[in-house]
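Numbering-wise (this note's numbering), the sequence shown opens with residue 1 and increments by one.
Positions of the beta carbon are idealized from the N, C-alpha and C atoms, including for glycine.
Below: the structure, in structure tokens.
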Amino acid sequence: MSKLLAISSSPRRNGNCELALRSFCRAAEEKNISVEMNRLHELRLEPCRGCERCAADGICIVKDKMEPFYEKVATVKGLVLATPVYFGSLSAQLKIFMDRFQCWWHAKYRLKKPFVELGQNKAGFIICTGALHRKDFGDSVEAIGKVFFHNINYHFGGFLFLPGLDRKGEIEDDPAALKAAYDAGVKYVQSYLL
Ligand SMILES: Cc1cc2nc3c(=O)[nH]c(=O)nc-3n(C[C@H](O)[C@H](O)[C@H](O)COP(=O)(O)O)c2cc1C
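Printed below as a string of structure tokens:
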């Protein structure tokens, strides 16, 4: 099992947030920390049905490619999520992924048997790319990320907003943005993974 689970949630392969995520993860690989990279869009996850069946046992009844992620998130030490800004918020793919952890919400708050304990010191990080220099868009993604990490008992390990990136792969023309992602990775790795 890898130590760092990396999830890109843009439908664009090799788009801005995926490239930023790779820069971030390079900081982990340079320290010989194993990284597992995933593209959410390719998993075609079903949204939460709100059926509340998970209230009984903390297990989601929807059987799709989300299933292995519960074990992964329970086992890895770090989780880094990357999303483009879509209409001032995060991508639908990432929102679906987060909502599918409603079963963990029940496990934590109703059943009092969380799948992760805060004392395990796992930490999550979010990277967000957007076209516009609109801080409020980044703030909105950060706020949702904080709620998600809180619910799954991960510490909030940080947030990086990279605005001014629109065209696919535009980040490759912006060394400062790629460096910011790498530097954020270095700091995160030092703080939570070593
Ligand atoms: C459906 C859609 C909605 C978008 N909404 C916003 C937005 O509200 N604000 C913004 O700054 N950029 C917006 N963008 C631009 C993307 O956030 C930007 O191109 C981003 O860098 C894409 O990252 P990617 O290459 O990883 O997909 C939107 C793009 C799409 C396709």
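How many Å lie between residue i and residue j at the Cα?
i, j, result
"Cys103", "Gly145", "17 Å"
"Asn121", "Arg49", "30 Å"
"Asn16", "Pro68", "26 Å"
"Phe159", "Ile127", "6 Å"
"Asn14", "Arg167", "11 Å"
"Gly119", "Ser34", "22 Å"
Can you name, in chain order, every residue of its own chain whose Cβ lies under 7 Å from the Cβ of residue i, other than the five neighbours on each side?
i, result
"Arg110", "Ala55"
"Tyr182", "Ser23, Phe24, Arg26 and Ala27"
Considering only heavy atoms of ligand 1, does any lie closer than 7 Å to the CB of residue i?
i, result
"Asp183", "no"
"Asp173", "no"
"Lys65", "no"
"Gly130", "yes"
"Pro168", "Sequence inspection shows Lys at residue 168; the Pro mentioned does not correspond to that position. Yes - ligand 1 has a heavy atom lying nearer than 7 Å to the Cβ of Lys168."
"Cys17", "yes"
"Ile156", "Before going further, note that residue 156 is Phe rather than Ile in the sequence given. Checking the Cβ of Phe156 against ligand 1 gives no."
"Gly145", "no"
Please go through the same chain and pick out, in chain order, the residues whose beta-carbon is closer than 8 Å to the beta-carbon of residue i, but skip the five residues on each side of it.
i, result
"Leu178", "Leu19, Ala20, Ser23, Ile171 and Glu172"
"Val141", "Thr83, Val85, Ser89, Leu90, Ile126, Cys128, Phe159 and Phe161"
Considering only C-alpha positions, which residue in the set the options is nearest to residue i?
i, options, result
"Val147", "Phe87, Lys95, Arg39 and Ser34", "Lys95"
"Phe156", "Asp136, Gly130 and Leu79", "Leu79"
"His150", "Asp139, Gly169, Glu117 and Ala6", "Glu117"
"Asp64", "Cys51, Leu43 and Pro84", "Leu43"
The beta strand (DSSP E) that contains residue i, what's its start and end?
i, result
"Phe101", "Premise fails: Phe101 is in no beta strand (DSSP E) and is neither H nor E."
"Arg22", "Premise fails: Arg22 lies in the alpha helix (DSSP H), Asn16 to Glu29, not in any beta strand (DSSP E)."
"Ile126", "Ala123 to Thr129"
Identify the continuous alpha helix (DSSP H) that holds residue i and give its terminal residues.
i, result
"Leu4", "That residue, Leu4, is in no alpha helix (DSSP H); its beta strand (DSSP E) goes Leu4 to Ser8."
"His150", "Lys135 to Asn151"
Beta-carbon within less than 6 Å of residue i's beta-carbon, same chain only, minus the 5 sequence neighbours each way: which residues are those?
i, result
"Ile61", "Arg53"
"Asn38", "Ile7"
"Ser9", "Leu40, Thr83, Ser91, Gln93 and Leu94"
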